[in-house]
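Numbering (my numbering), first residue to last: 901 to 1008. The beta carbon of each residue, even a glycine, is placed where N, CA and C say it ideally should be. For clarity, every value in this text was computed on a predicted model and none was experimentally measured.
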């Protein structure tokens, strides 16, 4: 997903929102065998995405590592999530396509 957020070390970089690309990998806590195409028996990805949008819009951060950890913690609030991996790509350095970080957290 692509989210607008304020992230960066210099104040000038955080002055305006910027777009970051976010990959979310969720590991379900429940067995998916016999799922029977029933949305109520799996993770509601729409609700997870909405939670991440709220995190992105809430305040500012200096580090994409902090943002990734905040995203992980938000995703882990959903009952059916055992662990989450967040990859954030930030398009800031002119000599690169992007810089990225990957953070994985299990349920505590």
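Is the beta carbon of residue i less than 9 Å from the beta carbon of residue j?
| i | j | result |
| --- | --- | --- |
| residue 943 | residue 999 | no |
| residue 904 | residue 919 | yes |
| residue 968 | residue 1002 | yes |
| residue 902 | residue 924 | no |
Looking at the unbroken beta strand (DSSP E) that takes in residue i, where does it start and where does it end?
| i | result |
| --- | --- |
| residue 921 | 918-928 |
| residue 1007 | Element bounds for residue 1007: n/a, residue is neither H nor E. |
| residue 933 | Note, residue 933: premise wrong, no beta strand (DSSP E); not H, not E. |
| residue 989 | 981-990 |
In this structure, how does DSSP classify residue i when only helix, strand and coil are distinguished?
| i | result |
| --- | --- |
| residue 964 | helix |
| residue 903 | strand |
| residue 950 | helix |
| residue 969 | helix |
What are the boundary residues of the alpha helix (DSSP H) that residue i is part of?
| i | result |
| --- | --- |
| residue 913 | 911-914 |
Looking only at its own chain, which residues have a Cβ that is under 8 Å from the Cβ of residue i, when we skip the five neighbours before and after it?
| i | result |
| --- | --- |
| residue 929 | 979, 980, 981, 982, 1007 |
Within a Cβ cutoff of 6 Å, which residues of the same chain sit near residue i, ignoring the five residues on either side of it in sequence?
| i | result |
| --- | --- |
| residue 991 | 998 |
| residue 972 | 984, 986, 1003, 1005 |
Going by beta carbon distance, what residues of the same chain come within less than 7 Å of residue i, once the five residues before and after it are set aside?
| i | result |
| --- | --- |
| residue 914 | 906, 907, 908, 960 |
| residue 1010 | Residue 1010 lies beyond the residue range present for the chain, which begins at 901 and ends at 1008; the question has no answer from this structure. |
| residue 935 | 941, 942 |
| residue 949 | 901 |
Next item on the list: Would you check if the stretch 989-998 and the stretch 944-962 touch, i.e. whether three or more CB-CB distances between them fall below 8 Å?
Entry: Between the stretch 944-962 and the stretch 989-998 there are fewer than three inter-stretch CB-CB distances shorter than 8 Å, so the stretches are not counted as touching.
Checklist line | Touching by the beta-carbon criterion (3+ pairs, under 8 Å), the stretch 940-958 and the stretch 973-984 | finding: Segment contact: the stretch 940-958 against the stretch 973-984, three or more CB-CB distances shorter than 8 Å; contact assigned.
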